[in-house]
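Asks: Here it is, the structure, as structure tokens.
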Amino acid sequence: MKRILLIEPNTSLARLYQHMLTREGYEVSHATGAQAGIDAADKASPDVVILELQLPRHSGIEFLHEFRSYAEWWEVPVIVNTAIPPSKLEPAQDALKADLGVRTILYKPRATLALLSQAVNEQLLSS
Amino acid sequence: MRAASSLAGGEATDLLKAVAEQLKVPLTIIARQAELSQLVDNAHHGDWAAMHAQASTALTLVDSYLLGLELAREQAALELEPVSIPSVLTMVAHDLYHLARQNGVELEVQVEGKYGPVMAHKAGLRAALVSLGYGMIEANSERNVYRRLTLAAHRTPHGIVAGIYGPHAALETQEWRTALKLYGRVSQPLTSLSSGSGAGLFVADAILRSMSTQLRVGRHQKETGLATTLHPSQQMTFV
């Protein structure tokens, strides 16, 4: 079973994402912050990470820097699913993709569960 | 009449922006919950679909308000680009499809004649027309008339007029002007069109004002509605 690490500070939203992805046949572990995300990645060895960039204390960017510093996680696809509006994040999109290996960026609230699920499936098929 | 700057200034606006940002969280949860429930609860699929459409539309309205605020604040740096009106109207009809369907309103896109692109902020124009559509669908569904709205564009000597029109009772220019002075101060600023606050209409007007245009009462064929005048792209005219 493929493993997904979901880093999402809003537990209600996380529960819905978890429900949807579990229904699709994935094993999902959840963390609400950057450090907890690193700890969870250590335990779960995820095949895909879904990441909110707006996190308490340490940002999603800080998580990405730390995550990519470990060789075993260099190739793990990261899907950003964020509440930061496109107008604010678009200037940084290229750097996120080129420097931090982000494969897909989805924007809340328009990113539906179906869209998130599709992005996960695409990453697992291509990896 | 209120200027775009009134939307951008003051502590009250900052507070409202913070509230709008916060409102997106529960609305997103409701929208996603309804989406998930549609998949797992076949017995109430229609109810969940209705809730999904309502929550998604409310999110769009909040997002449009926030975009309008952003555009008004960055007016000096606003980048206008050549925009194809038929393409924007089609996207708007797509954005409004689920809400219209839930309210039993039929949408039609009508673009008369051929003309080049207009100069506009594409995301802003789309958000303004979606907000306008939200207000018009809400108003149209309250009436026991033939439920249909037309998203239309036509050429005039002053530019390209794009708007949303319906078979409801004729809206008068003076009524609209009065409503623009009243919104936010009374609960029903435009009673001839909407029994509620009509927020979608005023958000649309505010976004358009940040693009140096506005909503006006307009007519298309035999229908009345609200529309905006956009200027053709000079660059494209020379080409």
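Line order of the protein sequences matches chains H and C.
The opening position of the first sequence corresponds to residue 1 in the numbering used here, with each subsequent residue numbered one higher.
The opening position of the second sequence corresponds to residue 1001 in the numbering used here, with each subsequent residue numbered one higher.
Cβ coordinates follow ideal geometry from the N, Cα and C atoms, glycine included.
Mind checking tryptophan 74 of chain H: buried by the 16 CB within 10 Å criterion, or exposed?
Replies: exposed
Asks: For proline 77 of chain H, is the classification buried or exposed, using 16 other Cβ atoms within 10 angstroms of its Cβ as the cut-off for buried?
Replies: buried
Asks: Under the three-state reduction of DSSP, which class applies to arginine 1219 of chain C: helix, strand or coil?
Replies: Assigned with DSSP and collapsed to three states, arginine 1219 of chain C falls in strand.
Asks: How would you call valine 120 of chain H, buried or exposed, if buried means at least 16 neighbouring beta carbons within 10 angstroms?
Replies: The residue is buried, with at least 16 neighbouring Cβ atoms inside 10 Å.
Asks: Going by CA-CA distance only, name the one from H:Pro46, H:Glu90, H:Thr112, H:Ala114 that's closest to serine 127 of chain H.
Replies: H:Pro46
Asks: Less than 8 Å between the CB atoms is what I'm expecting for serine 29 of chain H and alanine 40 of chain H, so what's the real figure, rounded?
Replies: 5 Å
Asks: Helix, strand or coil for valine 76 of chain H per DSSP?
Replies: coil
Asks: By the criterion of Cβ-Cβ separation under 7 Å, what are the contact partners of lysine 1122 of chain C in chain H?
Replies: Going along chain H, no residue has its Cβ under 7 Å from lysine 1122 of chain C, so there is no contact; the nearest lies around 12 Å.
Asks: What are the boundary residues of the alpha helix (DSSP H) that proline 86 of chain H is part of?
Replies: 86–89
Asks: Mind pulling the chain H residues with CB within less than 9 Å of lysine 1024 of chain C?
Replies: Ala83, Lys108, Pro109
Asks: Taking Cβ-Cβ distances below 7 Å as the criterion, which residues of the stretch 7–30 of chain H are in contact with chain C?
Replies: Considering only beta carbons, the part of the stretch 7–30 of chain H lying closer than 7 Å to chain C consists of Asn10, Ser12, Leu13, Leu16, His19, Met20, in chain order.
Asks: Tell me whether the stretch 1210–1226 of chain C and the stretch 1084–1091 of chain C touch, counting them as touching only if at least three CB pairs, one residue from each stretch, are closer than 8 Å.
Replies: no
Asks: Considering just the uninterrupted stretch of the beta strand (DSSP E) at leucine 55 of chain H, what are its terminal residues?
Replies: Premise fails: leucine 55 of chain H is in no beta strand (DSSP E) and is neither H nor E.
Asks: How far does the beta strand (DSSP E) with valine 1111 of chain C in it extend, from its first residue to its last?
Replies: 1106–1111
Asks: Looking at alanine 71 of chain H and the ligand FAD, is the gap between the Cβ and the nearest heavy atom below 8 Å?
Replies: In the structure shown, the ligand FAD is absent, as is every other ligand, since no ligand is present at all.
Asks: Interface residues of chain H around leucine 1059 of chain C at Cβ under 7 Å?
Replies: Pro109
Asks: In the stretch 1020–1050 of chain C, which residues sit with their C-beta less than 8 Å from some C-beta in chain H, listed in chain order?
Replies: Lys1024, Val1025, Leu1027, Thr1028, Ile1029, Ala1031, Arg1032, Gln1033, Glu1035, Leu1036, Leu1039, Val1040
Asks: In three-state DSSP terms, what is histidine 1158 of chain C?
Replies: In the structure shown, histidine 1158 of chain C sits in coil (DSSP, three-state: anything other than H, G, I, E or B).
Asks: Count the other C-beta atoms from every protein chain shown that fall within 10 angstroms of the C-beta of threonine 1060 of chain C, then say buried if there are 16 or more, exposed otherwise.
Replies: buried
Asks: Is it true that the CB of alanine 1152 of chain C sits closer than 9 Å to the CB of glutamate 1112 of chain C?
Replies: Judged by their CB atoms, glutamate 1112 of chain C and alanine 1152 of chain C are nearer to each other than the 9 Å cut-off.
Asks: Go ahead and label leucine 1015 of chain C buried or exposed: buried means 16 or more other beta carbons lie within 10 angstroms of its beta carbon, across all protein chains shown.
Replies: Exposed, because fewer than 16 other Cβ atoms sit within 10 Å of the Cβ of leucine 1015 of chain C.
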